[in-house]
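One line per chain: the protein sequences are X and A, in this order. Note that numbering that gives the first Met the number 0 gives residue 38 to position 39 of the first sequence, counting from 1, and the numbers run on in steps of one. Note that numbering that gives the first Met the number 0 gives residue 27 to position 28 of the second sequence, counting from 1, and the numbers run on in steps of one. Structure first, commentary second.
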Amino acid sequence: MNSIISYAHIKHNRVSVNGEIIFQSPDTLSLSEFLSEAYKTLAISYPKFHKMDLQCKLGFLCAEFAIKETDFLVVNDLAKTAIVLSNAASSLETDRMHQNSINDKTNYFPSPAVFVYTLPNITIGELAIKHKITGENAFFVTEGLDAGLLANYVNMLLSDATEAAIAGWVEVDGTNFEAFIFLAQKAENINKNCIFKPLNQSSVITIYNQTQWTH
Amino acid sequence: MIFTSYSNIISPLGFSTKENYEAVCSSQVAVKKMVFPFSKDPFCVAKINDQLIDQCFDALGSFNPATKLEKLSVLSINDVLIQSGIDTQDDRTLLIYSTTKGNIDILENRYKDIDAKRIYLPVFASYLQSHFKLKHAPLVLSNACISGILAIIIAKRFIEQGYYDNVLVCGGDILSEFTISGFKSFNAMSAEPSKPFDAKRTGINLGEAVATILITNKKELAQPYNAQIISGASANDANHISGPSRTGDGLFQCLEEIKTENKEEIGFISAHGTATPFNDEMESIAFDRAGLNTIPVNSLKGYYGHTLGAAGVLETILSLESMNHQRLIKSEGFETKGFSGNITMIDSHTNKSFTSFIKTASGFGGCNAAALFKKISN
């Protein structure tokens, strides 16, 4: 039985893990400021974080929070762990930044450090590097969170060589942002910090709607 | 069994698969030197004639304004629909669209009469959905330079699991100042026609193309190539976001997973071969490590440049043509060995009897993919 064992959800300057808000910043903080604050609460030192674009930072943090209290990285074979992400805007926020650097021919300053982030799957790459995860990759661009697609595609992978997956939604578009990442695996384990929900469309919808953001 | 079916390629070398295959076999090269307003020196790119695109699109009928990529995609998908006769309104048919940048030229304010929201890939996809009256919203995959081959692998998985019978895989990207300036900032562009795997290679040429292939479980539609997709896998190097693993780890993992036991059947490997120093070196090491060093290798980037989201689809189609004609396509631009892995390049168009081939790709974000295709034995 393939299960969802943990998830994290970030929006409205709040971080929720398994449905409970565990960190929040004032609404007045910008996304960049909020991400810095959230990073500090993890108490990790990862210099690469500071080079990432906002979407990668958001996805990176959401995955860290989903993984933090679990033994996901210990139980599963990281060569057989997939990363499947999605959003609606691809890498549009960083695309705009790169476009702005080339619009004015008299002030032309395209930067490789920006350009490299003009692909949505770079977020997958950053997660892979952080955790040494080398399995299947896919980045889908869908109008909204497609719970059926994510559940079905991860189940497809788990029916073959894949043993575990990090999957979800990571998007930054102007001032709007949201990340929702769940961990799924074949193996059963007894970690008390894990939830066990069957990996299917309705579970993904349920956990996506679990957090009470207004509190 | 999952089969490859009808296909189309639109590139500077032609507007059909046949035109493209014949052009490549006669060693025509799409990359040409062009001057751009933002660069004082000319450099090589492969560009499709804009007027020709408009003429062909207008000949299809009278439609609402469309972007360049939308026109190219409509032309390519339309050709495959006509050839195959499949019903787009069928619940069992899906379109997967592979692209890195989609309608990126909308950011340049190029279009006066087109909703800027079509920069969003799902909105671009819904244009294609309404044009072809597709039952399902097209699924967009954007996974850097492996998008095309990964889309074919995903099509196979969807059909195998019973979700669909027919999956159209269309890959497309256009030349834009956006991508040209970006790759230039990386110093990854070659001013001359690129030389994949050659000792004197200096970088990529960017190209534009749209390519479409139908993947199906219906044997009666397998006729164009009588070939099936045996296996496919993707893997991440987990090493660097803009450079490949020096030891080819991710690509090696893909090659191990696609289980290429019957090496004597494999006619060739269609490599990614972008002509950057690091990429081609990495591939040679991965092929060598996987024990594939007796299998000849080509890259088609010397003809088309790097067509990004289209590349994997375009190169798979030409590889299927190559297998159909039992003829290996020369790795254009290659003269002198410029890599450390023990592999053999295809240095001239050669006749060869074989029944399968491997297609690979690698890209930014550390991603890699490989798939194994095989003739159906009758």
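Backbone N, C-alpha and C define an ideal beta-carbon position, used for all residues, glycine too.
### Task
Locate the alpha helix (DSSP H) running through residue 181 of chain A, then write down its first and last residues.
Under the DSSP assignment, residue 181 of chain A falls in the alpha helix (DSSP H) whose first and last residues are 176 to 184.
### Query
Got a sec? Which residues, its chain only, sit under 7 Å from residue 62 of chain X by beta carbon, not counting five neighbours each side?
In chain order, 126, 165 and 180 place their CB closer than 7 Å to the CB of residue 62 of chain X, counting only its own chain and leaving out the 5 sequence neighbours on each side.
### Query
Beta-carbon of residue 115 of chain X versus every beta-carbon of chain A: anything under 7 Å?
True, the Cβ-Cβ gap to chain A drops below 7 Å.
### Query
residue 130 of chain A to residue 170 of chain A, Cα distance in whole Å?
One C-alpha to the other measures close to 17 Å.
#### Entry: Inter-residue spacing [alpha-carbon to alpha-carbon] between residue 71 of chain A and residue 26 of chain A
A straight line joining the alpha-carbon of residue 71 of chain A with that of residue 26 of chain A spans about 24 Å.
### Message
Does chain A have any CB closer than 7 Å to the CB of residue 140 of chain X?
### Response
Closer than 7 Å to some Cβ of chain A, the Cβ of residue 140 of chain X qualifies, so yes.
#### Entry: Reference residue 312 of chain A; option with closest CA among A:330, A:296 and A:270
Looking at the Cα atoms, A:270 is the closest of the given residues.
### Task
Give every residue of the same chain whose Cβ lies closer than 7 Å to the Cβ of residue 207 of chain A, excluding the five residues on either side of it in the sequence, and list them in chain order.
Counting only Cβ-Cβ distances below 7 Å, and skipping sequence neighbours, we find 45, 46, 47, 172, 173, 174 and 306.
### Query
What residues of chain A sit near residue 93 of chain X, judged by a beta carbon separation below 9 Å?
Result: empty, since nearest Cβ-Cβ is about 11 Å, beyond 9 Å.
### Query
Which same chain residues, not among the five before or five after residue 11 of chain X, have their C-beta less than 6 Å away from its C-beta?
So the qualifying residues of the chain are 212.
### Query
In three-state terms, what does DSSP make of residue 205 of chain X?
Residue state, collapsed to three classes: helix.
### Message
When you compare the CB of residue 12 of chain X with every CB in chain A, is at least one pair closer than 7 Å?
### Response
Contact with chain A is absent for residue 12 of chain X, since none of that chain's Cβ atoms lies less than 7 Å from the residue's Cβ.
### Same chain, Cβ closer than 8 Å to residue 43 of chain A, neighbours up to 5 away in sequence not counted
The beta carbon of residue 43 of chain A is closer than 8 Å to those of 30, 31, 32, 33, 189, 190, 191, 192, 193, 204 and 304 in its chain, skipping five residues each way along the sequence.
### Task
Leaving out five residues on either side along the sequence, give the residues of the same chain with a beta carbon under 7 Å from the beta carbon of residue 88 of chain A.
The answer, listed in chain order, is 132 and 134.
### Task
With distances taken Cα to Cα, identify the nearest neighbour of residue 199 of chain X among X:177, X:150, X:207 and X:121.
The shortest C-alpha separation from residue 199 of chain X is found at X:150.
### Query
With residue 346 of chain A and residue 333 of chain A assumed to form a contact (beta carbons below 8 Å), what rounded beta-carbon distance in angstroms separates them?
About 6 Å; that satisfies the 8 Å criterion.
### Enclosing alpha helix (DSSP H) for residue 148 of chain X [first to last residue]
First-last of the alpha helix (DSSP H) with residue 148 of chain X: 146 to 157.
### Task
Give the secondary structure of residue 53 of chain A by DSSP, where H, G and I count as helix, E and B as strand, and everything else as coil.
It is helical.
### Message
Which of the three DSSP states is assigned to residue 3 of chain X in this structure?
### Response
Here residue 3 of chain X carries a strand assignment [DSSP, helix/strand/coil].
### Message
Using the three-state DSSP reduction, which class does residue 230 of chain A fall into: helix, strand or coil?
### Response
DSSP places residue 230 of chain A in strand when its eight states are reduced to three.
### Cβ of residue 46 of chain X within 7 Å of any chain A Cβ
No, residue 46 of chain X lies away from the interface with chain A (no Cβ there is under 7 Å from its Cβ).
### Query
What do you get for residue 245 of chain A, buried or exposed, if any count of 16 or more other CB atoms within 10 angstroms of its CB means buried?
Around the beta carbon of residue 245 of chain A, fewer than 16 other beta carbons lie within 10 angstroms, which makes this residue exposed.
### Query
Smallest Cα separation from residue 76 of chain X: which of X:160, X:206 and X:202?
Comparing Cα-Cα distances from residue 76 of chain X to each of X:160, X:206 and X:202, the minimum goes to X:160.
### Query
Does DSSP put residue 187 of chain A in a helix, in a strand, or in coil?
In this structure, residue 187 of chain A counts as coil in the three-state DSSP scheme.
### Task
Taking residue 156 of chain A as the query, report the chain X residues whose CB atoms sit under 7 Å from its CB, ordered along the chain.
Result: 155.
### Task
Name, in chain order, the residues that DSSP records as bridge partners for residue 240 of chain X.
Chain X is shown only over 0 to 214; residue 240 of chain X falls outside these bounds and no answer can be derived.
### Query
Three or more beta-carbon pairs under 8 Å between the stretch 294 to 301 of chain A and the stretch 153 to 169 of chain A, yes or no?
The stretch 294 to 301 of chain A is not in contact with the stretch 153 to 169 of chain A.
### Strand pairing of residue 337 of chain A, partner residues [DSSP]
Beta-bridge partners of residue 337 of chain A (DSSP): none assigned.
### Task
Work out the CA separation of residue 221 of chain A and residue 314 of chain A for me, nearest whole Å.
Roughly 18 Å separates the two Cα atoms.
### Task
For residue 96 of chain A, write down the residues that DSSP places opposite it in a beta bridge.
DSSP output for residue 96 of chain A lists A:139 and A:169 as bridge partner(s).
### Query
Is residue 187 of chain X buried or exposed, if buried means 16 or more other CB atoms sit within 10 Å of its CB?
Result: exposed.
### Message
Give me, in chain order, the residues of the same chain whose beta-carbon lies closer than 8 Å to that of residue 253 of chain A; leave out the 5 immediate sequence neighbours on both sides.
### Response
Excluding sequence neighbours, residue 253 of chain A sits near 232, 233, 234, 359, 367, 368 and 369.
### Message
For the stretch 161 to 194 of chain X, list every residue whose C-beta sits within 7 Å of some C-beta in chain A, in sequence order.
### Response
Hits within the stretch: zero.
#### Entry: Residue span of the beta strand (DSSP E) that contains residue 33 of chain A, given as start and end
If you look at residue 33 of chain A, you'll find it in the beta strand (DSSP E) that goes 31 to 33.
### Task
From the DSSP output, read off the bridge partner residues of residue 82 of chain X.
BP columns for residue 82 of chain X point to X:136 and X:165.
### Query
Where residue 40 of chain A and residue 183 of chain A are concerned, what is the direct C-alpha to C-alpha distance, given to the nearest angstrom?
Our two residues, residue 40 of chain A and residue 183 of chain A, have alpha carbons roughly 12 Å apart in a direct line.
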